[in-house]
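Just below is one structure, and these are the notes that go with it.
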Amino acid sequence: GENVGLHLPTLSVQEGDNSIINCAYSNSASDYFIWYKQESGKGPQFIIDIRSNMDKRQGQRVTVLLNKTVKHLSLQIAATQPGDSAVYFCAENTPWNQGGKLIFGQGTELSVKP
Amino acid sequence: NAGVTQTPKFQVLKTGQSMTLQCAQDMNHEYMSWYRQDPGMGLRLIHYSVGAGITDQGEVPNGYNVSRSTTEDFPLRLLSAAPSQTSVYFCRTGRLNTEAFFGQGTRLTVV
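Chains as they are written, first to last, in this note's numbering: chain G, 5 to 118; chain E, 54 to 164.
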């Protein structure tokens, strides 16, 4: 949904620990979800996606979980590394008949302590 | 960001000036869109296009015009720049419901 001018939520983890970043989405009809990573001064970078007919999808060191009942997404990063420090955004893709638009969440800043 | 080219990377405008931000892709993507990103906020959709000749408004379209005369290009026009349009602008391209790519961004300052 809507973005407001608040400070980004921050998650601070120790190197080697697992990270979990959460996201709530607004449109129960959304059928496709994406997690992006954005480093300072760069454009968002695709991490992993999931379709609404799935509950879980795994990539390399990352897992996305989708709970459609409560409209909630999470991104799990295993063995977090300093290079994972960035802002992470979830995005919901609205259905084609509603414009097929990508709506971004506010973002969470992940800070990894060595 | 491969295959998506945004220009310029940086721009300073005076209030009232006009300019065009360029976005070009060579991946034959039907979907192209423009977002703006302000400090402490996520990306907000300005305009989007699902194919050549088709455009539509996003969340924050006021003050911006777009056109899509070719599949490859999706320029964003500011007809009369205002300080509130100071932001970082990202172009995104992709196919519907698949991985999409962002450009590197254009940092615009309106004084």
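We put the beta carbon where it would ideally sit given N, CA and C, even for glycine.
DSSP three-state assignment for residue i, whether helix, strand or coil
i: residue 70(E); result: coil
i: residue 111(E); result: coil
i: residue 145(E); result: strand
i: residue 137(E); result: helix
i: residue 3(G); result: Since the displayed chain G opens at 5 and closes at 118, residue 3(G) lies outside it and no answer follows.
i: residue 78(G); result: strand
i: residue 64(G); result: coil
i: residue 160(E); result: strand
i: residue 127(E); result: coil
i: residue 78(E); result: strand
Own chain, CB closer than 8 Å to residue i, minus 5 neighbours either side, in chain order
i: residue 105(G); result: 97 and 98
i: residue 112(E); result: 97, 98 and 99
Residue i: contacting residues in chain G (beta-carbon distance under 7 Å)
i: residue 155(E); result: 47 and 48
i: residue 63(E); result: The contacting residues do not exist; residue 63(E) stays about 11 Å from chain G at best.
i: residue 158(E); result: 47
i: residue 152(E); result: 50 and 53
Where residue i falls, given that 16 or more other Cβ within 10 Å makes a residue buried
i: residue 41(G); result: buried
i: residue 87(G); result: exposed
i: residue 121(E); result: buried
i: residue 118(G); result: exposed
i: residue 32(G); result: exposed
i: residue 92(E); result: exposed
Chain E contact residues for residue i, given Cβ-Cβ distances below 8 Å
i: residue 117(G); result: Simply none; closest approach about 22 Å.
i: residue 105(G); result: 86, 98, 101 and 111
i: residue 93(G); result: 95 and 96
Contacts that residue i makes with chain E (C-beta to C-beta distance below 7 Å)
i: residue 62(G); result: Within chain E, no residue comes near residue 62(G); the closest Cβ sits about 16 Å away, beyond 7 Å.
Distance cut-off 8 Å: residue i Cβ against heavy atoms of the ligand COA
i: residue 48(G); result: Looking for the ligand COA in the displayed structure turns up nothing, as the structure carries no ligands at all.
Nonlocal neighbours in the same chain, by C-beta distance under 7 Å from residue i, ignoring five residues either side
i: residue 89(G); result: 114, 115 and 116
i: residue 8(G); result: Note that residue 8(G) has pLDDT 35, beneath the 50 cutoff, so the model's placement of it is unreliable and the number below is only indicative. So the list is empty, once near-sequence residues are dropped.
i: residue 61(E); result: 159
i: residue 138(E); result: 116, 131, 161 and 163
Nonlocal neighbours in the same chain, by C-beta distance under 6 Å from residue i, ignoring five residues either side
i: residue 59(G); result: 70
i: residue 107(G); result: 96
i: residue 145(E); result: 86, 153 and 155
i: residue 21(G); result: 84
i: residue 16(G); result: 115
i: residue 94(G); result: 27, 39, 77 and 109
i: residue 63(G); result: 52
i: residue 58(E); result: 77
Chain G contact residues for residue i, given Cβ-Cβ distances below 8 Å
i: residue 143(E); result: 47 and 48
Touch test, the region 54-73 of chain E against the region 123-142 of chain E, Cβ-Cβ under 8 Å, three pairs minimum: yes
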